[in-house]
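Notes follow once the structure below has been shown.
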Amino acid sequence: MTVSPAADGFELDTDNSIVGKLRNLAGDYSLLDAGGRRINVSDISTKRIGKTFDLGIKSDEVGLYNIALNTVQKEHILLFDNS
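Structure (structure tokens):
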């Protein structure tokens, strides 16, 4: 029997970064089910509200057993040239 506390979704609060793509640094898809198989993109929903990233599984037949998320820090600059 496989048990996962986050089998139907995942929520992450970040302070100074946001969640990037759902792929690891090698470019592999990072959401896997109990058998180590890739979860289809049509079976997930994602939301970013403020500093919270929420990932949910739409199907009751699919559970989330592995997730690897990379966070990204972004900087913005506004430059005025008064010359």
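Residues in the sequence shown are numbered from -5 upward in steps of one, following my numbering.
We put the beta carbon where it would ideally sit given N, CA and C, even for glycine.
Item: Top-ranked residue by Cα proximity to Thr44, from Asn76, Val13, Asp2 and Ala1; Value: At residue 44 the sequence reads Gly, which differs from the Thr that was named. Checked all of Asn76, Val13, Asp2 and Ala1; the closest Cα to Gly44 is Val13.
Item: Leu63 vs Leu26 beta-carbon contact at 8 Å; Value: no
Item: 6 Å CB neighbourhood of Asp2 in its chain, flanking five on each side removed; Value: Ile51
Item: DSSP-derived helix/strand/coil call for Ser53; Value: coil
Item: Arg31 beta carbon less than 8 Å from that of Ser24; Value: no
Item: Candidates Val56, Ile33 and Glu69, of which the one nearest Asn10 by Cα; Value: Glu69
Item: CA-to-CA distance, Thr8 to Thr65, given in whole angstroms; Value: 9 Å
Item: Residue nearest to Gly29 in terms of C-alpha spacing, selected from Gln67, Ile71 and Glu55; Value: Glu55
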